[in-house]
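Asks: In terms of my numbering, the sequence shown has 45 at position 45, counting the first letter as 1, and numbering is strictly consecutive.
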Amino acid sequence: MNICVFLSAADLDERYTRPAREFAELLGKGGHTLVWGGSDVGLMKVVADGVQEAGGRLLGVSVDFLAATARRGADEMVIAKDLAERKRLLLEKADAVVIMVGGTGTLDEATEILELKKHGHTDKPVVLLNTAGFYDGLREQFRRMEDEGFLPRPLAELVFFAEEPVGALAYLEESQGIE
């Protein structure tokens, strides 16, 4: 399976890097391909290292203005002209999406895939990995949107919230019929 991971390129502490590394190792050992923003810094590097060390493939989609930080030695690297094209390519190349901790770029990517799902333009499974409760506030906001009628589909059809990496990958594999 090609699994797109949206996440931060920031250097973060162990409460975020440990679960990211754990998910990456599970992904690699499962024979999956990481589809990611292509960066070789911060949490993006942690995940790419973990996948590669565990035998998985790396398919990166960087962007012109970040090409200097693109990972050398990825199995495949595409350089998009802008962020919009990058998002489009990441989603096109993915069978499923995992949203890890991140900033505004990650939030932008997350809301775009959920908007596409909401309107029936994709049926790819989406997991929000809620590491260290990072997305508790966002989950609450999504629930409020659902409760107050802002979502035309149940929240559970749009996104699965996982608290641990093993649950995130298990959900994705089950949704794709992988045992």
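Think of the CB as a built atom: it goes at the ideal place given N, C-alpha and C, for glycine as much as any other residue.
In whole angstroms, give me the CA-to-CA distance for Glu-146 and Pro-154.
Replies: Here residue 146 is taken as the residue at index 146 of the sequence shown, counted from 1. Here residue 154 is taken as the residue at index 154 of the sequence shown, counted from 1. Their Cα atoms are separated by approximately 7 Å.
Asks: Considering Cα atoms alone, identify which of Ala-68, Val-78, Arg-139, Met-44 is closest to Asn-130.
Replies: Taking the sequence shown and counting its residues from 1, one reaches residue 130 at position 130. Among Ala-68, Val-78, Arg-139, Met-44, the Cα nearest to that of Asn-130 belongs to Arg-139.
Asks: Between which two residues does the beta strand (DSSP E) containing Ala-96 stretch?
Replies: Against the sequence shown, residue 96 aligns to sequence position 96. Note, Ala-96: beta strand (DSSP E), 96-99.
Asks: Quick one: measure Cβ to Cβ for Thr-122 and Leu-116, integer angstroms, because I've assumed they're closer than 8 Å.
Replies: On the sequence shown, position 122 is the one that residue 122 refers to. On the sequence shown, position 116 is the one that residue 116 refers to. 5 Å between Cβ atoms; contact.
Asks: Restricting to Cα atoms, I'd like to know which of Leu-172, Leu-58, Ala-96, Ile-113 is closest to Val-78.
Replies: The residue you call residue 78 lines up with position 78 of the sequence shown. Comparing Cα positions, the closest option is Leu-58.
Asks: Tell me whether Ile-113 sits in a helix, a strand or coil according to DSSP, three-state version.
Replies: Start at 1 with the first residue of the sequence shown, and residue 113 comes out as number 113. Reduced to three states, the DSSP call for Ile-113 is helix.
Asks: In terms of alpha-carbon separation, which member of Ala-132, Phe-6, Gly-38, Gly-149 lies closest to Asp-13?
Replies: Along the sequence shown, one-based indexing puts residue 13 at 13. The residue with the shortest Cα to Cα distance from Asp-13 is Ala-132.
Asks: From Ile-99, Glu-164, Gly-103, Pro-165, pick the residue whose C-alpha is nearest to that of Leu-158; which is it?
Replies: Along the sequence shown, read from residue 1 onward, the residue named residue 158 stands at position 158. Looking at the Cα atoms, Ile-99 is the closest of the given residues.
Asks: Should Phe-161 go down as buried or exposed, given a rule of 16 or more other Cβ atoms within 10 Å for buried?
Replies: Taking the first residue of the sequence shown as position 1, residue 161 is located at position 161. The residue is buried, with at least 16 neighbouring Cβ atoms inside 10 Å.
Asks: Cα separation between Gly-120 and Asp-108?
Replies: Stepping through the sequence shown from its first residue, residue 120 is reached at position 120. Stepping through the sequence shown from its first residue, residue 108 is reached at position 108. So the two alpha carbons sit approximately 19 Å from each other.
Asks: Measure the beta-carbon distance from Asp-95 to Lys-124 and round it to whole angstroms, keeping in mind my assumption that it falls under 8 Å.
Replies: The residue you call residue 95 lines up with position 95 of the sequence shown. The residue you call residue 124 lines up with position 124 of the sequence shown. About 6 Å separates the two Cβ atoms, so the contact holds.
Asks: Can you look up Val-41 in the DSSP assignment and give me helix, strand or coil?
Replies: Taking the sequence shown and counting its residues from 1, the one referred to as residue 41 is at position 41. Coil.
Asks: What residue range is occupied by the uninterrupted alpha helix (DSSP H) comprising Ala-10?
Replies: Indexing the sequence shown from 1 puts residue 10 at position 10. Ala-10 -> no alpha helix (DSSP H), and no H or E assigned at all.
Asks: Going along the chain, which unbroken runs of the beta strand (DSSP E) with 3 or more residues stay wholly within the region 130-170?
Replies: Within the region 130-170, the complete beta strand (DSSP E) runs of at least 3 residues are 160-162.
Asks: Using only the alpha-carbon positions, how far apart do Ser-62 and Asn-2 sit?
Replies: For the purposes of this step, residue 62 is taken as the residue at position 62 of the sequence shown. For the purposes of this step, residue 2 is taken as the residue at position 2 of the sequence shown. If you take the alpha carbons of Ser-62 and Asn-2, they lie about 16 Å apart.
Asks: At 4 residues or longer, and completely inside the region 40-83: list those alpha helix (DSSP H) runs for me, N to C.
Replies: DSSP runs (the alpha helix (DSSP H)) wholly in the region 40-83: 42-53.
Asks: On a Cα-Cα basis, can you pick out the residue from Leu-89, Leu-151, Leu-91, Ala-80 that is closest to Asp-64?
Replies: One-based indexing of the sequence shown puts residue 64 at position 64. The candidate whose alpha carbon is nearest that of Asp-64 is Ala-80.
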